[in-house]
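Take any residue in the sequence shown, note its place counting from 1, add 666, and you have its number in the working numbering.
Glycine is no exception: its CB is placed at the ideal position from the N, C-alpha and C atoms.
A quick write-up on the structure given underneath.
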Amino acid sequence: LQTLRGINLIATSRDMGEIELGLPPHQRLDIMSNERDMRKYIEGRLESSVKFKQLLKKGVGVNEIVTGVMKKADGMFLLAQLHMNSLETKLNVRDLRRALDELPNTLDATYDEAMSRISNDYRALAYRIISWLIHAARPLTIRDLQYALAIEEGMTVPNSDNLYDGSSVTSICVGLVV
């Protein structure tokens, strides 16, 4: 493209061999997260969450959580975010510490863990929500999702009785949808 049209192109991605194999020879610049920024993000989540504040009062140390999440996230902010979402669902100190010890090291394992947290009662709905988000031609708002989910097969307009509350649409997906 550059020689034909004078176009410069930049592509960003996580380090995935199959993507790199599909590209012509190129320059590569590795970008890593800053440890201080990740620490700030995790501490900010701890300070802004009522659930985390309650657990911190019961004896869990901020440093215990920060260190555990940073170790498992290995510099990947998305993994840190997903881990914090998972930990925030814990109801007592024992469960939080157990979950901290068992945090997955990879995105795939983390997504699998998140999917397993979706209640069986709402799994089909969660799959519909995620499917709408993946296949949409543009980013969807919560309102868009509410109306998309309200349409059933054979309908031409949404039924208002089928509308889900916006917070339910996100909470059903246990941190995968924000």
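Where residue i and residue j are concerned, what is the direct C-alpha to C-alpha distance, given to the nearest angstrom?
{"i": "N751", "j": "S699", "result": "19 Å"}
{"i": "K723", "j": "V716", "result": "11 Å"}
{"i": "L712", "j": "Q720", "result": "10 Å"}
{"i": "F718", "j": "L689", "result": "44 Å"}
{"i": "E819", "j": "E730", "result": "49 Å"}
{"i": "I800", "j": "T807", "result": "13 Å"}
{"i": "T776", "j": "K756", "result": "16 Å"}
{"i": "A803", "j": "E686", "result": "26 Å"}
{"i": "R760", "j": "S826", "result": "43 Å"}
Out of the options, point me to the one whose CA is closest to residue i's CA.
{"i": "K706", "options": "K723, A746 and L815", "result": "A746"}
{"i": "R694", "options": "G710, R671 and I676", "result": "I676"}
{"i": "I708", "options": "E684, Y777 and M736", "result": "M736"}
{"i": "D696", "options": "G741, R789 and D831", "result": "G741"}
{"i": "H749", "options": "S833, G734 and L757", "result": "G734"}
{"i": "R702", "options": "V732, S797 and H801", "result": "V732"}
{"i": "P824", "options": "I685, D831 and L815", "result": "L815"}
{"i": "Y830", "options": "V844, D810 and M821", "result": "D810"}
{"i": "N771", "options": "L744, R804 and A802", "result": "L744"}
{"i": "V728", "options": "M821, G710 and A739", "result": "G710"}
{"i": "A739", "options": "S714, N758, D767 and V726", "result": "D767"}
How about the region 828 to 842 and the region 779 to 791: do they share at least three Cβ pairs that are nearer than 8 Å? Put simply, the region 828 to 842 touches the region 779 to 791. At least three CB pairs are less than 8 Å apart.
Taking only runs that begin and end inside the region 698 to 749, name each unbroken alpha helix (DSSP H) of 4 or more residues, in chain order. 701 to 714, 716 to 723 and 728 to 739
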